[in-house]
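**Student:**
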Amino acid sequence: MSEEKIQEIVRLSRTDLDGHRAISEALTAIKGVGKRYSNAVARVSPFESDKKIGALSDEERGKLDEIMKDPEEYGIPTYLRNRRKDHETGENRHLIGPDLKLKEDFDIRRLKETGTYRGWRHKHGLPVRGQKTQSSFRTGSKVGVSRSRVQSEGEEE
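If you count by this note's numbering, then the sequence shown holds residues 9 to 165, one letter each, in order.
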């Protein structure tokens, strides 16, 4: 039997992936790629789904990257994309890695500049999606009287 050489660490979409994991499992380590999207990419790709990502050649990894960046061409459904009806272009896109983080930051900045309710909540560090705040989100500066301060004032009298 011939053992195929498996790379320990694979670089794909500017992210380091574990080469000993199956394709669909390894792709979930990339920001913007969840389990459902990685399964769709693995099914559309011409490789066996249980093949290790470290066993792929550079051309095959390039093919995987191409499938993730242009899902429409390979028949991945629109509902699996993370930027449906993009605010600027109106297209259905799927962003991964640092591109997704940059786009999120621009979206939050746009909300703050337009003065929306969500933008105001982002600006003040409060929860944006309707969570209750009576007992949660109490980190940061504390308001109240500290115990040592009360004791020191009592001694002065």
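We put the beta carbon where it would ideally sit given N, CA and C, even for glycine.
1. In whole angstroms, give me the CA-to-CA distance for Ser-10 and Val-18.
2. Around the C-beta of Glu-33, are 16 or more other C-beta atoms found within 10 angstroms, so that it is buried, or is it exposed?
3. Might you give, ordered along the chain, the residues of its own chain that have their beta carbon closer than 6 Å to the beta carbon of Arg-92, omitting 5 neighbours on each side?
4. Would a C-beta distance cut-off of 8 Å place Pro-30 and Ser-57 closer than the cut-off?
5. Tell whether a beta-carbon distance below 8 Å holds between Ile-104 and Val-41.
6. Please report the residue range of the beta strand (DSSP E) in which Glu-20 lies.
7. What are the boundary residues of the alpha helix (DSSP H) that includes Leu-103?
8. Evaluate Tyr-125 with the Cβ neighbour count: other Cβ atoms within 10 Å of its Cβ, from every protein chain shown; 16 or more gives buried, anything less gives exposed.
9. Once DSSP output is grouped into helix, strand and coil, what is the label at Asp-94?
10. Could you check the C-alpha separation between Ser-123 and Pro-106 for me, to the nearest Å?
11. Would you mind reading off the limits of the beta strand (DSSP E) that contains Glu-134?
**Tutor:** According to the data block:
1. Mapped onto the sequence shown, residue 10 falls at position 2. Mapped onto the sequence shown, residue 18 falls at position 10. Residue confidence for Ser-10 is low, a pLDDT of 45 falling below 50, so the modelled location carries little weight; the figure read from the coordinates is stated next. Using only the alpha carbons, I get a separation of about 21 Å.
2. On the sequence shown, position 25 is the one that residue 33 refers to. The residue is buried, with at least 16 neighbouring Cβ atoms inside 10 Å.
3. Locating residue 92 in the sequence shown gives position 84, counting from the first residue. Asn-100.
4. For this step, residue 30 is matched to residue 22 along the sequence shown. For this step, residue 57 is matched to residue 49 along the sequence shown. Checking the sequence, you will find Ala at residue 30 rather than Pro. A contact, by the Cβ cut-off of 8 Å.
5. The residue given as residue 104 occupies position 96 in the sequence shown. The residue given as residue 41 occupies position 33 in the sequence shown. Yes, they are a contact pair.
6. Residue numbering aside, residue 20 sits at position 12 when the sequence shown is read from its first letter. Residue 20 is actually Leu in this sequence, not Glu. 17-20 is the extent of the beta strand (DSSP E) around Leu-20.
7. As a position in the sequence shown, residue 103 is number 95, starting the count at 1. In the DSSP annotation of this structure, Leu-103 is not part of any alpha helix (DSSP H), being labelled neither H nor E.
8. Looking up residue 125 in the sequence shown gives position 117. Exposed: under 16 other Cβ atoms inside 10 Å.
9. Locating residue 94 in the sequence shown gives position 86, where the first residue counts as 1. Coil at Asp-94, not helix or strand.
10. The residue given as residue 123 occupies position 115 in the sequence shown. The residue given as residue 106 occupies position 98 in the sequence shown. Contrary to the premise, residue 123 reads as Gly rather than Ser in this sequence. Straight-line measurement puts the Cα of Pro-106 at about 26 Å from the Cα of Gly-123.
11. Counted from its first residue, the sequence shown places residue 134 at position 126. A small fix is needed here, since residue 134 is Leu in this sequence, not Glu. Careful: Leu-134 lies outside any beta strand (DSSP E) and carries neither H nor E.
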